[in-house]
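Here's the structure we're looking at; comments come further down.
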Amino acid sequence: MKNVLLLVSLVSSVAIAQQKPVWVLPEVNAPRVQRVLFDSPTAGQEVSCYVFTPESYDTDTERRFPVLYWLHGSGGSTPAAAAQVARRYGEAMKTGQIPSMIMVFPNGLPMGMWCDWKDGSVKLETMFIEELIPHMDRSFRTLAKREGRIIEGFSMGGYGAGRLGFKYSELFAGVSLLGAGPLQLDFNEAPRAGPKGRDQVLGTVYGGDMATFQAQSPWRIAEQNADKLRSGLRIRQVVGDRDETLRFNRDFKQHFDALKIPHTYRQLPNVPHNPNLVLEALGEDNWAFYNEALTAMSPAVEGMFQGVSCEGFYKRHVQGICTNGKDSIYWCWTDVLVKTDTQGRLLKQVPVADHHGDLCYRNGRVYVATNLGKFNEPPGQEDSWVYVYNADTLDEVGRHRLPEVVHGAGGMAHHEGKFIIVGGLPPSVNENYVYEYDEAFRFLKRHVLASGHTEKGIQTVTFADGAWWFGCYGNPAVLLRADEGFRITGRWDFNASVGIVPISGGRFLIAQNAVVKGKGNQAKAVVARVDEGAGLVIEKP
């Protein structure tokens, strides 16, 4: 049977191989999108791609921009498809939801699989890595380093983004797989391509050799590079629950879990195998991935990496910090909310109700977990809220009552369309609770965190690199880590109880409070990096 399959594959491959690859795509007529040609020694001729540049590329002529490499699925690249994706992302750049970036839409051929073919007739991987990326860095004002590149793709493009991003992780800050396939090792089953399409691809690209297919797969490449993938690389996997590739995407997620590679996995309800529907379903939540992956590229944010002190002295101690990912840090001082620049210089401060706690930034607003002084109390005595502020002016714009947070709200974060609230804990309770809300603060679920007792519960929370991090008071203070399902994966003596913010590359800003006699409280944010033995370790300035 295997010989028959191989014969069918090889016969099919001959038919496709006789069709000469079309390396030059049609011209495009769309705002800010252009066709770019470059000489490719690998292809032996000119090769084209489509390139989108943001409006600020023309006005800010000294600035260098990050690059998003967007890989198409089977069927090939078209001017209309590239223009449609560029328009969606360009609007998000205009509104400040993501940083301004260059978008590159390479030509991966209709069924090129984004790899070098076994017979050597097509070398897409070589062309992409050794020719296209260097050409872009020479021809455009790119941020030509790892922190300035993301690779993303849909379907076959998701497969390509995975295999290239995992193999060359030193080149990319983020890897995004949308409806990716084929992710399975056993290519005898191909729900999207069908038996005939599978035979054509296996024969043409992989020489009819299943071992070659497996060696090229993201599955194997992730295994071989697992150590490198565990540090600093943002990895996202998204699939619709009506996508034919769902089962294989789930298997791939479990493979990543077994390899202990940090990543986020999102399964979208009622979404089939369609890139526009995937992006529509993600909505505004789509943009968090790019902001997180590109945090290190912004010169303004890089200033935060060295640590910073908040200007001024305050009557009460600091309770939490967050940033807008661009140019501001927000500090909550129990009854004063403060906004500074990335050097700690005061921009705005407003008095707020006692007791404001940990906070997070989301789409131009600052959200603060608030308990009005009723904390660590038995159920029925809490007064839990989230207060909402305009991130520019610090004007209060809303409040949300949280009766489900029974021991008082203390900390909060936002992740993939959900707000996460943590809070206080009476002395006799030996587990913590994590409360999940939707964007409108409708209660969704309470998670039990098998943490053991922590003094006064959990004060701060954030999500980074596939894990939840929780800062707790105590003597010594306790740092907890949990996976995406809120299963505890680490507990250390480390103080992140008054502020923890992810920045990049497995690094965090950690707030520290100090009492200065006769003046009041003062705070600074220092940089810590992940350490498996100690949880986090403070970096020296």
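Going by the working numbering, the final residue of the sequence shown carries number 551, and the count climbs one at a time with no gaps.
Idealized CB from N, CA, C, for every residue including glycine.
As assigned by DSSP and simplified to three states, the class of residue i
{"i": "T222", "result": "helix"}
{"i": "Q44", "result": "strand"}
{"i": "M137", "result": "helix"}
{"i": "T52", "result": "coil"}
{"i": "M113", "result": "strand"}
{"i": "F258", "result": "helix"}
{"i": "A524", "result": "strand"}
{"i": "S58", "result": "strand"}
{"i": "I468", "result": "coil"}
{"i": "N301", "result": "helix"}
{"i": "W479", "result": "strand"}
{"i": "G250", "result": "strand"}
{"i": "G500", "result": "strand"}
{"i": "F197", "result": "coil"}
{"i": "H366", "result": "strand"}
{"i": "A544", "result": "coil"}
{"i": "S319", "result": "strand"}
{"i": "L269", "result": "helix"}
{"i": "Q107", "result": "coil"}
{"i": "A190", "result": "coil"}
{"i": "Q264", "result": "helix"}
{"i": "R208", "result": "helix"}
{"i": "T274", "result": "strand"}
{"i": "K238", "result": "helix"}
{"i": "N13", "result": "Because the pLDDT of N13 is 39, which lies under 50, any placement of that residue in the model is unreliable, and the question is left without a value."}
{"i": "W229", "result": "helix"}
{"i": "G330", "result": "strand"}
{"i": "A538", "result": "strand"}
{"i": "L490", "result": "strand"}
{"i": "L35", "result": "coil"}
{"i": "A506", "result": "coil"}
{"i": "A474", "result": "strand"}
Buried versus exposed call for residue i [16 or more other C-beta atoms within 10 Å across all chains shown]
{"i": "G545", "result": "buried"}
{"i": "E135", "result": "buried"}
{"i": "N280", "result": "exposed"}
{"i": "D368", "result": "buried"}
{"i": "K349", "result": "buried"}
{"i": "N296", "result": "buried"}
{"i": "Q28", "result": "Low confidence applies here, because Q28 scores a pLDDT of 41, under 50, leaving its location unreliable; read the following figure in that light. Under this definition Q28 is an exposed residue."}
{"i": "A460", "result": "exposed"}
{"i": "K177", "result": "buried"}
{"i": "K133", "result": "buried"}
{"i": "K466", "result": "buried"}
{"i": "S165", "result": "buried"}
{"i": "N440", "result": "exposed"}
{"i": "S227", "result": "buried"}
{"i": "A171", "result": "buried"}
{"i": "T105", "result": "exposed"}
{"i": "P109", "result": "buried"}
{"i": "E290", "result": "exposed"}
{"i": "S84", "result": "buried"}
{"i": "E56", "result": "exposed"}
{"i": "E162", "result": "buried"}
{"i": "P116", "result": "buried"}
{"i": "S438", "result": "exposed"}
{"i": "P36", "result": "exposed"}
{"i": "T63", "result": "buried"}
Bridge partner(s) assigned by DSSP for residue i
{"i": "V376", "result": "Y371 and Y399"}
{"i": "S338", "result": "D351"}
{"i": "N531", "result": "Y324 and V525"}
{"i": "I245", "result": "V185"}
{"i": "R98", "result": "Answer by DSSP bridge pairing: none, since R98 is not bridged."}
{"i": "Q359", "result": "V348"}
{"i": "A92", "result": "Note: A92 sits in no beta bridge, so no partner."}
Cutoff 8 Å: residue i Cβ touching any chain C Cβ
{"i": "I139", "result": "The chain labelled as chain C is not found in the depicted structure, where only one protein chain is given."}
Spell out a yes or no on whether the region 490-504 and the region 467-482 are touching, meaning 3 or more CB-CB pairs, one atom from each, closer than 8 Å. yes
Cβ contact (3+ pairs, closer than 8 Å) linking the region 194-210 and the region 248-266: yes
Which runs of the beta strand (DSSP E), 3 residues or longer, sit entirely within the region 381-462? 395-400, 406-411, 419-425, 428-433, 442-447 and 453-459
Minimum length 4: unbroken alpha helix (DSSP H) runs contained in the region 120-185: 143-149 and 166-177
Are the region 320-333 and the region 505-515 touching, with three or more C-beta to C-beta distances below 8 Å? yes
So does the region 62-77 actually touch the region 151-171, counting three or more Cβ pairs closer than 8 Å? yes
Using 8 Å as the Cβ pair cut-off and three pairs as the minimum, do the region 346-364 and the region 319-326 touch? yes
Validate contact between the region 86-95 and the region 128-143 using beta carbons, cut 8 Å, 3 pairs: no
Between the region 496-511 and the region 456-470, can you find at least three pairs of beta-carbon atoms closer than 8 Å? yes
Using 8 Å as the Cβ pair cut-off and three pairs as the minimum, do the region 242-253 and the region 209-217 touch? no
Mind the definition here: the region 376-383 touches the region 353-361 only if three or more C-beta pairs lie below 8 Å; say whether that holds. no
Measuring CB atoms only, is the region 91-104 touching the region 176-196, in the sense that at least three cross pairs come out at less than 8 Å? no
Stretch-stretch touch, CB-based, cutoff 8 Å, three pairs: the region 497-505 with the region 283-296: no
Do three or more CB pairs link the region 139-148 to the region 263-271 at distances below 8 Å? no
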